[in-house]
Amino acid sequence: MRILVIPDIHLKTWIFDRAEDILKASKADQAVCLMDIPDDWDMEFQTEMYKETFDRAIEFSRTYPDTLWCYGNHDVSYPWGRLETGYSPYAERTVMSKLEELKNSLQDPSQIAIMHRIDNVLFTHGGLTVEFLQLLNEDLLDADIDEVVAAINDASQNHLWNDESPLWLRPQNRTVNAFRNDIYKQVVGHTPVKKIFEKDGIISTDVFSTYRDGTQIGESAMIVIDSVTGEYEKIEVPGKNS
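Using numbering that gives the first Met the number 0, you'd call the opening residue of the sequence shown number 0 and step up by one each time.
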């Protein structure tokens, strides 16, 4: 299956427009969104933008009802009461109610979670390492993959709100022991990168995040990944102002 990966949103509704263009062109069979829907530089007071972005996500979920959604740290920081960079106390109620509305718009509540697996590809916001599983439950190292995914999705806030968790891991600039990378490819967002790239079996895709002045950090592209082989192609998309 060809999976379109939608990287971190951060109040950019146009990213969903680009994703729709790819799906309408039959370049992918299904989408996975790595979320971080709320928050961006100096946007704390722009509560209407928070609402508009979530509404666009909900619209997308209804148009493409088989889409899977991976919570990001900025998403869960609101219901978990964990302050995060860019956290908007003015948008708290909007974010929490719209997250619930997004979940209720799905065919199955399990479509929104910390981690998803499609065949031989694992999707999380930050990535999964052997070390994190050892901290969570060492028995998981030899467990069935679906048991591992379920354990990640059932993990406590305290386990997940740390730098090595699938919400927070930043494997881009150091060597990590990615979980079963001889079998599974991982796809992540979370850490802004200039170009989509693969390292230690983890593909980093957060190329739409910006500097404080609004300049996009990375290239304008998304990936479509083969869920069986793990091979992927980059599809160039127009940026915000194109």
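All residues carry an ideal CB built from backbone N, CA and C; glycine is no exception.
Since the model is a prediction, treat every value here as computed from it, not as a measurement.
- If you check the CB distance, Pro170 and Val148 do not come in under 9 Å.
- Ranked by how close their Cα comes to the Cα of Val129, the residues Tyr89, Pro237, Ile151, Phe15 have Ile151 in first place.
- With respect to Val75, Gln156 sits close: the two C-beta atoms are nearer than 9 Å.
- Bounds of the alpha helix (DSSP H) holding Trp79 are 72–79.
- If you compare the alpha carbons of Lys193, Ser164, Ile201 with that of Asn180, the shortest gap goes to Ile201.
- The residue among Leu10, Cys32, Glu83, Arg55 with its C-alpha nearest the C-alpha of Met221 is Cys32.
- Counting along the chain, the unbroken alpha helix (DSSP H) around Ser96 starts and ends at 91–104.
- Within the model, the alpha-carbon separation for Pro6 versus Leu168 is close to 15 Å.
- Contact between the stretch 60–72 and the stretch 104–112 is present: three or more C-beta pairs spanning the two stretches fall below 8 Å.
- Among the bridge pairs identified by DSSP, Ser203 is matched with Val187, Phe196.
- Fewer than three beta-carbon pairs drawn from the stretch 131–148 and the stretch 208–216 are found closer than 8 Å, and the two stretches are therefore not classed as touching.
- Going by DSSP, Ala30 is part of the beta strand (DSSP E) stretching over 29–32.
- Between Gly229 and Pro165, the C-beta spacing is not below 9 Å.
- Cβ contact annotation for Thr190 (same chain, cutoff 7 Å, sequence separation greater than five): Arg169, Gln171, Ser203, Asp205, in chain order.
- Counting every other CB atom within 10 Å of its CB across the protein chains shown gives Phe15 a total of 16 or more, marking it as buried.
- When secondary structure is reduced to three states using DSSP, Val129 falls in the helix class.
- DSSP lists Val223 as the beta-bridge partner residues of Glu232.
- DSSP, read as helix, strand or coil, puts Gln45 in coil.
- CA-CA distance, Trp79 to Glu146, rounds to 24 Å.
- Per the DSSP secondary-structure output, Arg55 pairs with nothing in a beta bridge.
- The beta carbon of Leu135 sits closer than 7 Å to those of Ala150, Ala154, His158, all from its chain and outside the five residues before and after it, given in chain order.
- With contacts defined by Cβ atoms closer than 9 Å, Ile57 and Lys97 form a contacting pair.
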